[in-house]
Amino acid sequence: MTAGARRGPYICGIDAGMDVVTGKWKSLILWELHNYGTRRFGELRRGLPGVSEKMLVQHLREMEEDGLLDREIYREVPPRVEYSLTPHGISLNEALGALGSWGQQRVKRLAAEGSLIEVPPPA
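Under the working numbering, think of the first position of the sequence shown as 949, with each following residue one higher.
This is how it looks when you write it as structure tokens:
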């Protein structure tokens, strides 16, 4: 477990759930693996524009420690490492579905108000 990580006591279920998904990239890693299945490190990095290699490695390690994903190492030249969701990660992704729906409604509302900030596509 990483320095400063918690394993309780928790005040409520939301506290326990947020402890696992805290971090800008974790929910996006879950989404990427859910939508595209097993991914290699480079595929994940390309699928998450803006993530640094250091931050992606850190989040992947934490998620593996929390039982959200599997890391499969293939002993070949060059070495190949693949990441996939565990049943625990799949169930977390399902739990986040309602939050995703809420977020989509928020995006629509902000767009209708004209206050949605658009992110330019990667060059």
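In this text, a Cβ means the ideal position worked out from N, Cα and C, and glycines have one as well.
Looking at the unbroken beta strand (DSSP E) that takes in residue i, where does it start and where does it end?
i	result
Leu-1033	1028-1033
Following the continuous alpha helix (DSSP H) through residue i, name the residue where it begins and the one where it ends.
i	result
Leu-1017	Not the alpha helix (DSSP H): Leu-1017 falls in the beta strand (DSSP E), residues 1017-1022.
Lys-972	Lys-972 -> no alpha helix (DSSP H), and no H or E assigned at all.
Ser-1049	1045-1061
Glu-1013	1001-1013
Going by DSSP, what residues sit across from residue i in a beta bridge?
i	result
Arg-987	Tyr-1031
Taking buried to mean at least 16 other C-beta atoms within 10 Å of its own C-beta, is residue i buried or exposed?
i	result
Glu-980	buried
Trp-1050	exposed
Tyr-1031	buried
Ala-951	A caution first: Ala-951 carries a pLDDT of 46, below 50, which makes its placement in the model unreliable, though a value can still be read off. That one is exposed.
Val-1025	exposed
Ile-977	buried
Gly-961	exposed
Arg-955	exposed
Leu-1033	buried
On the premise that residue j lies in contact with residue i, defined as a C-beta separation below 8 Å, what is that separation, rounded to the nearest angstrom?
i	j	result
Leu-1040	Leu-1016	6 Å
Val-1029	Arg-1019	6 Å
Lys-974	His-1007	5 Å
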